């Protein structure tokens with residue numbers, strides 16, 4: 038079974054692996070896997086809320102799409118079960134950056150499989166969002182009486198992310 042490589046290999050921000058072309062049909066990376074993020078806005082968008090909270094990282098980093106989806110699911114489940122639809126929750130980042138991996142084999146027969154460091158560009162394995170220090174990852178709007186629950190939900194999302202986060 039194929040496993041995900043530890044994200045410590047990809048956490049630092051590097052030059053974005055996107056394809057830019059003046060022709061629209063060439064302006065994408067070929068073979069990039071789809072993002073697992075399914076929803077970007079949850080709850081009641083049209084409601085009037087007293088308080089707006091943000092989950093903000095304390096450093097520049099990249100966050101993989103499955104970490105963002107995991108954080109979204111765990112915090113949204115808390116909000117949905119207790120508040121119903123009386124909140125608005127939004128993901129403020131999008132995973133554009135295509136992650137690559139150059140698989141290096143070891144063990145018996147590795148010399149037939151591996152090219153070593155020649156042709157080392159790598160194949161697309163996933164996508165990640167590039168986030169700057171202080172840039173909001175999640176936005177949550179609730180009423181004043183639900184602020185403690187909202188902070189708990191955002192803290193639960195922060196546990197799923199590979200960085201220290203502040204609730205602002």
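Numbering (this note's numbering), first residue to last: 38 to 205. Even glycine gets a Cβ: it sits at the ideal position worked out from N, Cα and C. Just so you know, these numbers come straight off a predicted model, no measurement behind them.
Which residue from the options puts its Cα closest to that of residue i?
i	options	result
residue 198	69, 152, 166	166
residue 141	132, 134, 114, 152	152
residue 176	41, 125, 61	125
residue 99	53, 76, 157, 128	53
residue 84	42, 131, 189, 122	122
residue 107	156, 196, 200, 63	196
residue 131	88, 173, 47	173
residue 87	180, 44, 191, 47	180
residue 206	155, 103, 44, 205	In the structure as shown, the chain starts at 38 and stops at 205, and residue 206 therefore has no counterpart that could be examined.
residue 154	162, 46, 145, 138	138
residue 49	101, 61, 156, 58	101
residue 190	61, 111, 205, 63	111
residue 171	205, 192, 82	205
residue 43	162, 143, 60, 82	162
residue 72	192, 105, 46, 145	105
Can you tell me the Cβ-Cβ gap for residue i and residue j, rounded? I've got them flagged as a contact below 8 Å.
i	j	result
residue 93	residue 203	5 Å
residue 164	residue 136	7 Å
residue 97	residue 201	In fact, because the Cβ distance is near 12 Å, the residues do not count as touching under 8 Å.
residue 74	residue 128	7 Å
residue 183	residue 90	Not confirmed; about 10 Å, so no contact.
residue 55	residue 133	6 Å
Quick check on the DSSP output: the beta strand (DSSP E) that includes residue i runs from which residue to which?
i	result
residue 92	88-94
residue 79	78-80
residue 179	175-179
residue 193	Segment 184-196 is the alpha helix (DSSP H) holding residue 193; no beta strand (DSSP E) there.
residue 57	That residue, residue 57, is in no beta strand (DSSP E); it is neither H nor E in DSSP.
residue 202	202-204
Since residue i is in the alpha helix (DSSP H), which residue starts that stretch and which ends it?
i	result
residue 51	That residue, residue 51, is in no alpha helix (DSSP H); it is neither H nor E in DSSP.
Within 7 Å: the Cβ of residue i and any heavy atom of the ligand NAP?
i	result
residue 94	In terms of ligand content, the structure shown is empty, and the ligand NAP therefore cannot be addressed.
- Message: Three or more C-beta pairs under 8 Å: does that hold for the stretch 106-126 against the stretch 54-71?
- Response: Contact between the stretch 106-126 and the stretch 54-71 is not established, with fewer than three Cβ pairs separated by less than 8 Å.
- Query: What alpha helix (DSSP H) runs, 4 residues minimum, are completely inside the stretch 83-165?
  - Reply: Runs found: 102-120, 147-150.
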